[in-house]
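Chains as they are written, first to last, in my numbering: chain A, 1 to 94; chain B, 1 to 484. Beta carbons are placed, not taken as given, at the ideal position from N, Cα and C, and that holds for glycine. These numbers come from a predicted model, not from an experiment.
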């Protein structure tokens with residue numbers, strides 16, 4: 001069971017601000033889903049290695065040679081705000 | 001005009017190459033249908049919302065001489081970035097986003113002569129099984145407009161089924177190509193993980209996401225797939241396919257061992273609808289008539305696939321979607337300090353299901369819960385992959401229904417997220433193991449199409465397509481009513 005305080009804590013971690021109504025709904029819905037998910041608790045997983053990725057690949061490398069990439073102005077085009085060749089945001093200290 | 005609509009993509013290409021049909025004529029036909037449709041399948045259409053392909057100066061005839069896909073129109077799920085064309089993954093947080101580059105899969109298809117017809121509707125960030133989570137409205141199922149087309153590639157599936165596009169591409173993370181293909185009565189292939197580059201696909205769960213074709217028939221699926229595969233320096237997890245994609249020609253299944261798993265056959269918590277089960281049973285009879293051997297094969301942990309999936313996919317999503325903070329692209333909300341700007345941007349930009357998955361994933365990864373949820377789910381993933389490895393020592397392919405139910409009613413499951421997740425029961429084990437699987441229409445129940453899924457070992461697409469082709473021929477599914 002995820003209570004309201006836990007919902008608010010997780011929302012804070014995820015940078016989501018939820019309305020009172022959303023917090024209540026989320027608490028019920030997440031608890032319901034987790035109840036189902038917790039059935040994997042029945043399985044004996046002793047000694048089973050975790051899989052993070054199905055492709056057995058390690059360190060795909062290429063030659064470290066300069067090559068063209070997206071032009072800076074082009075990359076800035078979709079930004080809500082930009083200035084002097086960078087993305088502009090309010091000062092984090094403000 | 002209706003004649004042209006009855007052509008599969010491969011047949012249309014033949015006619016174009018024989019100079020019996022102009023590529024422009026076909027493109028215009030589909031462009032008009034896509035621009036005039038009222039299923040909600042398209043978010044944007046070439047010529048109306050963005051210029052037709054620049055590479056061919058808007059001319060399908062120029063495209064026809066460009067490559068094997070002969071200028072054929074292609075519907076593209078809105079999850080794929082297309083340079084200078086609005087690409088939102090059906091999320092309001094990306095409204096207006098025009099990417100400065102195209103997805104590799106799209107570029108490859110264009111290089112082969114395909115032309116982008118339009119961007120198709122989907123569940124926001126591919127999170128959903130009904131297309132009702134789109135930020136831009138639902139999609140209606142062309143077989144019955146009161147029902148969902150499935151999801152998350154619901155727009156692509158509905159467009160192909162309704163004859164608004166000859167074919168389409170989509171993406172599959174836990175079933176997002178196969179389940180809507182099943183609910184709309186078309187063919188959907190989820191390739192082996194790594195067969196197709198993910199570069200330029202808006203990420204949902206990176207260890208599971210894979211692009212693939214949604215088509216009228218199996219031959220079209222093979223043709224489209226052939227021009228999507230390949231390793232790509234922009235996606236270091238892409239491998240391509242170790243052999244060329246062949247045209248499927250098999251008409252028999254002689255000697256092929258097809259496994260049915262008792263653990264999956266139950267259908268999980270909700271069970272399988274009797275009408276769906278009946279189609280599976282009759283398909284098994286057809287398999288044997290074609291010379292195939294049906295045998296039971298255990299997949300003991302596959303029933304836990306859903307639980308593992310609904311930890312792993314949200315966990316990866318919560319990390320992938322951290323990038324939507326209103327700084328580099330998409331919309332920005334709020335004019336206060338940086339932190340409240342992040343929060344307002346995300347809270348206003350994301351829809352309810354996306355928030356739910358971000359919350360679920362963040363919770364599963366948070367201190368104190370990581371081992372209990374994420375760690376355990378990763379181990380279950382290993383068990384599921386090992387189950388398949390063992391199964392494929394005894395059988396060549398595994399067969400299941402694609403979805404436990406036929407298309408359900410609009411609004412029927414929106415109030416119960418878990419009920420929605422159960423739609424993916426049969427489709428999540430394969431991506432967890434990285435395996436290819438195809439859904440083909442196999443029959444009808446309650447006047448709606450029922451899809452059957454075949455899955456095989458990694459990189460067995462040629463065999464999978466051949467078997468699907470043989471079954472398709474024998475099952476002779478009639479898709480015409482959806483284009484009616």
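Straight-line spacing of the CA atoms in residue 379 of chain B and residue 51 of chain A works out to 6 Å. In the DSSP assignment, residue 202 of chain B falls outside any alpha helix (DSSP H) and carries neither an H nor an E. Counting only runs of 3+ residues, the beta strand (DSSP E) found wholly inside the region 5-58 of chain B occupies 42-45, in chain order. The beta carbon of residue 65 of chain A sits no closer than 9 Å to any beta carbon of chain B. By the beta-carbon neighbour count (other beta carbons within 10 angstroms, threshold 16), residue 169 of chain B is buried. The three-state reading of DSSP puts residue 296 of chain B in strand, counting E and B together. Excluding sequence positions up to five before and after residue 433 of chain B, its CB lies within less than 6 Å of the CB of 384, 385 and 388, all in the same chain and listed in chain order. With a cutoff of 9 Å on beta-carbon distance, residue 178 of chain B and residue 427 of chain B are scored as near each other. By the beta-carbon neighbour count (other beta carbons within 10 angstroms, threshold 16), residue 216 of chain B is buried. In its chain, beyond the 5 residues on either side, 112, 113 and 114 have a beta carbon closer than 6 Å to the beta carbon of residue 69 of chain B.
As a beta-bridge residue in DSSP terms, residue 437 of chain B pairs with B/190 and B/455.
Between residue 85 of chain B and residue 49 of chain B, the CB-CB gap stays under 9 Å. By the Cβ criterion, the region 30-46 of chain B is not in contact with the region 196-210 of chain B, since fewer than three pairs of Cβ atoms, one from each stretch, lie closer than 8 Å. Of all residues in the region 20-40 of chain A, only 22, 25, 26, 29, 30, 32, 33, 34, 35, 36, 37, 38, 39 and 40 come within less than 9 Å of chain B when Cβ atoms are compared, listed by chain position.
Judged by pairs of C-beta atoms under 8 Å, the region 96-103 of chain B does not touch the region 6-15 of chain B, as fewer than three such pairs exist.
Note on residue 249 of chain B: under 16 other CB atoms within 10 angstroms of its CB, so exposed under the neighbour-count rule.
Residue contact with chain B for residue 4 of chain A: absent (no Cβ-Cβ distance below 9 Å to any residue of chain B). Residue 118 of chain B sits in a strand when the DSSP states are folded into three classes.
In this structure the region 458-478 of chain B lies against the region 283-295 of chain B, because at least three pairs of beta carbons, one per stretch, are closer than 8 Å.
According to DSSP, residue pairing for residue 77 of chain B in a beta bridge involves B/120.
In this structure, residue 173 of chain B and residue 208 of chain B form a Cβ contact; the two beta carbons are roughly 5 Å apart against a cut-off of 8 Å. Assigned with DSSP and collapsed to three states, residue 177 of chain B falls in coil, not helix or strand.
Inclusion of residue 6 of chain A and residue 363 of chain B in the CB contact set at 9 Å is warranted, their separation being smaller than that value. The alpha-carbon of residue 180 of chain B is positioned some 26 Å away from that of residue 55 of chain A. Neighbours of residue 77 of chain A in chain B, taken as residues whose beta carbon is under 8 Å from its own, are 98 and 100 in chain order. Annotation: the continuous alpha helix (DSSP H) that includes residue 220 of chain B extends over 218-226. Shown here, residue 426 of chain B sits in coil according to DSSP, grouped into three states, outside any helix or strand. Around the beta-carbon of residue 33 of chain A, 16 or more other beta-carbon atoms lie within 10 Å, marking it buried.
With the rule of 3 Cβ pairs closer than 8 Å, the region 355-374 of chain B does not count as touching the region 264-277 of chain B.
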